[in-house]
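One structure is given below, encoded as structure tokens.
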Amino acid sequence: MSPELHLILILVLRMMVAAAFVVTASIITERSGPVIGALVATLPVSAGPSYVFLALDHDAAFIAQGALSSLPVNAATIFMCLTYVVLAQRRSLLVSCGSAVAVWIVFASIIKQFDWPLTAGLAANLIAFGICIPLLAGYRHVKMPLVTRRWYDVPMRAALVATLVAIVVSTSGWVGPRISGIIALYPVVFSSIMVILHPRIGGPPTAAVLANSAWGLLGFGMAIAVLHVAVAWFGSAVGLGLALATCIVWNLTLWGIGRRTLHRARQAP
Numbered sequence: 014m015s016p017e018l019h020l021i022l023i024l025v026l027r028m029m030v031a032a033a034f035v036v037t038a039s040i041i042t043e044r045s046g047p048v049i050g051a052l053v054a055t056l057p058v059s060a061g062p063s064y065v066f067l068a069l070d071h072d073a074a075f076i077a078q079g080a081l082s083s084l085p086v087n088a089a090t091i092f093m094c095l096t097y098v099v100l101a102q103r104r105s106l107l108v109s110c111g112s113a114v115a116v117w118i119v120f121a122s123i124i125k126q127f128d129w130p131l132t133a134g135l136a137a138n139l140i141a142f143g144i145c146i147p148l149l150a151g152y153r154h155v156k157m158p159l160v161t162r163r164w165y166d167v168p169m170r171a172a173l174v175a176t177l178v179a180i181v182v183s184t185s186g187w188v189g190p191r192i193s194g195i196i197a198l199y200p201v202v203f204s205s206i207m208v209i210l211h212p213r214i215g216g217p218p219t220a221a222v223l224a225n226s227a228w229g230l231l232g233f234g235m236a237i238a239v240l241h242v243a244v245a246w247f248g249s250a251v252g253l254g255l256a257l258a259t260c261i262v263w264n265l266t267l268w269g270i271g272r273r274t275l276h277r278a279r280q281a282p
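Just so you know, we're using our numbering here: the sequence shown kicks off at 14 and counts up by one.
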């Protein structure tokens, strides 16, 4: 087998693995309502495979540096969500989603211009979420209509994530860790939720999924910080595992708090 064919086959395999992740998460999201769907959507469904495959091709220093760029990009993502949520109440998919993606691109372009130390990335997240979480709170509670999946839903989501992984892996060698960390954090899952659900169930219910994702996305930012520190100390494999564990524990905690709050509300006279 030629080296070129070997590389192509490895890339295709990586794309298929990433696609399987997002398909599974997407199905759970549709069947579980906006709260559980938001918690699943904020797991590292697309960024996780991208970083795993980057770790197979690069050393721990590359991954740690990439995580430093990814951390402020997480703050850009919450502003993207806020933009969509507000506009989706009355505007079309094209206006709402297009404006949200444009906001993300603008923030990502600004982030790319600087070297971000860990403290600055954490501060950016604290400021961004401190602004956005209260603003999103009023859009969280919307009844989710029944979603009927269409034949192209799963292939489209799988193709989006597979394409992202292909771009990250194939360009990482020449764009470096900073750009790779930014590209890896492009919110593919959120974009697919907008594109697929908005025309079918309307803007407000779709926006509710993203509004409920704010706290989960905050935990995702914490996981990126853990990734940077743990990779530097313990290597890529341990760092990736600890970052994933951070996301899972954080989201399970949010789920448990939500269940207790709902239980108390039902028992109240």
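Glycine is no exception: its CB is placed at the ideal position from the N, C-alpha and C atoms. None of the values given here were measured: they were computed from a predicted structure.
Reference residue i; option with closest CA among the options
| i | options | result |
| --- | --- | --- |
| PRO62 | LEU131, ILE270, SER193 | SER193 |
| ARG103 | ALA141, PRO212, VAL188 | PRO212 |
| ALA113 | ASP128, PRO130, THR90 | THR90 |
| GLY232 | VAL262, ALA73, GLY252, ALA224 | VAL262 |
| GLN78 | THR266, GLY252, ARG272 | GLY252 |
| ASP128 | VAL116, SER109, GLY248, PRO85 | PRO85 |
| LEU148 | LYS125, THR266, ALA172, ALA227 | ALA227 |
| PRO190 | SER59, LEU67, LEU95, PHE142 | LEU67 |
| ALA80 | ARG153, SER122, GLY234 | GLY234 |
| TYR97 | ILE144, ALA258, PHE203, PRO168 | PHE203 |
| MET207 | ILE195, TYR199, ALA220 | ALA220 |
| CYS260 | ALA236, PHE120, ALA133 | ALA236 |
| PHE92 | GLY151, LEU230, GLY254, PHE247 | LEU230 |
| VAL53 | ARG272, ARG273, LEU267 | LEU267 |
| LEU106 | GLY254, SER205, ALA250 | SER205 |
| ALA150 | LEU95, ARG273, LEU240 | LEU95 |
| PRO168 | ILE209, ALA101, ALA141, ILE146 | ILE209 |
| ALA88 | VAL108, ALA74, LEU240, ILE123 | ILE123 |
| SER109 | GLY269, VAL116, ALA101 | ALA101 |
| THR55 | VAL222, ALA137, LEU240 | VAL222 |
| TYR199 | LEU69, GLY111, ILE118, VAL99 | ILE118 |
Delimiting residues of the alpha helix (DSSP H) encompassing residue i
| i | result |
| --- | --- |
| GLY234 | 227 to 247 |
| PRO200 | Neither: PRO200 is in no alpha helix (DSSP H) and is coded neither H nor E. |
| LEU135 | 131 to 149 |
| THR96 | 73 to 101 |
| TYR64 | 60 to 70 |
| LEU107 | 106 to 124 |
Presumed contact (8 Å Cβ cut-off) between residue i and residue j, rounded CB distance
| i | j | result |
| --- | --- | --- |
| SER83 | ALA197 | 6 Å |
| VAL155 | PRO217 | 5 Å |
| ALA238 | LEU135 | 6 Å |
| ARG153 | ALA224 | 5 Å |
| ALA121 | ILE195 | 5 Å |
| ALA73 | SER249 | 5 Å |
| SER59 | VAL201 | 4 Å |
| HIS241 | LEU131 | 6 Å |
Residue i: CB within 7 Å of a non-hydrogen atom of the ligand HEM
| i | result |
| --- | --- |
| SER226 | As for the ligand HEM, it is missing from this structure, which has no ligand bound. |
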